[in-house]
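Chemist: The opening residue of the sequence shown carries number 187 in this note's numbering; numbering runs sequentially from there.
Note that the Cβ used here is the ideal one computed from N, Cα and C, for glycine as well.
Shown below is the structure under consideration.
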Amino acid sequence: MIEENQNFVGKDGFTWWVGAIENRVDPLAIGRCQVRIFGWHNTDKLKLPTHNLPWSHPMYPLNASKMFSAPEIGSWIFGFFLDGENAQQPVMMGVLPGIKIS
Numbered sequence: 187m188i189e190e191n192q193n194f195v196g197k198d199g200f201t202w203w204v205g206a207i208e209n210r211v212d213p214l215a216i217g218r219c220q221v222r223i224f225g226w227h228n229t230d231k232l233k234l235p236t237h238n239l240p241w242s243h244p245m246y247p248l249n250a251s252k253m254f255s256a257p258e259i260g261s262w263i264f265g266f267f268l269d270g271e272n273a274q275q276p277v278m279m280g281v282l283p284g285i286k287i288s
């Protein structure tokens, strides 16, 4: 008998998040950003520098998967974690307009 995977996105609901863009220069050039996620990542940049934040993948629309530009630094982003509370695979779903941190 094949054992079923017991840990997958959506099984127990999503783990949602909101955070601010700190780096938008993706070395893979696929639109990823490093986002400091409120309540999950330490706000002290000496304890958790930007370069140590996980890369957040953008969720593209189905009809325009090649038409994406990364949000501006400081923009607030809404998303979810693919890996639930492990919180290492963030996905960006959208920008909260008008909210920006300098």
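1) What would DSSP say about glycine 217, mapped onto helix, strand or coil?
2) Leaving out five residues on either side along the sequence, give the residues of the same chain with a beta carbon under 6 Å from the beta carbon of methionine 279.
3) Based on the DSSP output, what are the partners of threonine 229 in its beta bridges?
4) Run through DSSP, which three-state label would asparagine 209 get?
5) Roughly how many angstroms separate the alpha carbons of valine 211 and histidine 237, rounded to a whole number?
6) In whole angstroms, give me the CA-to-CA distance for cysteine 219 and glutamate 258.
7) Let me confirm a value: tryptophan 203 is counted as buried when at least 16 other C-beta atoms fall within 10 Å, else exposed. Which label applies?
Modeler: In this structure, then:
1) Here residue 217 corresponds to residue number 31 of the sequence shown, with the count starting at 1. Coil.
2) Position 93 of the sequence shown holds residue 279. Same-chain partners within the cutoff: Met245, Phe264, Gly265.
3) Within the sequence shown, numbered from 1, the residue matching residue 229 stands at position 43. DSSP lists no beta-bridge partner residue for threonine 229.
4) Reading the sequence shown from its first residue, position 23 is the one you call residue 209. Strand.
5) Here residue 211 refers to the residue found at position 25 of the sequence shown. Here residue 237 refers to the residue found at position 51 of the sequence shown. A straight-line Cα-Cα distance of about 11 Å links valine 211 and histidine 237.
6) Working through the sequence shown from its first residue, we reach residue 219 at position 33. Working through the sequence shown from its first residue, we reach residue 258 at position 72. Rounded to the nearest angstrom, the two C-alpha atoms are 10 Å apart.
7) Here the question's residue 203 lines up with position 17 in the sequence shown. Tryptophan 203 comes out buried.
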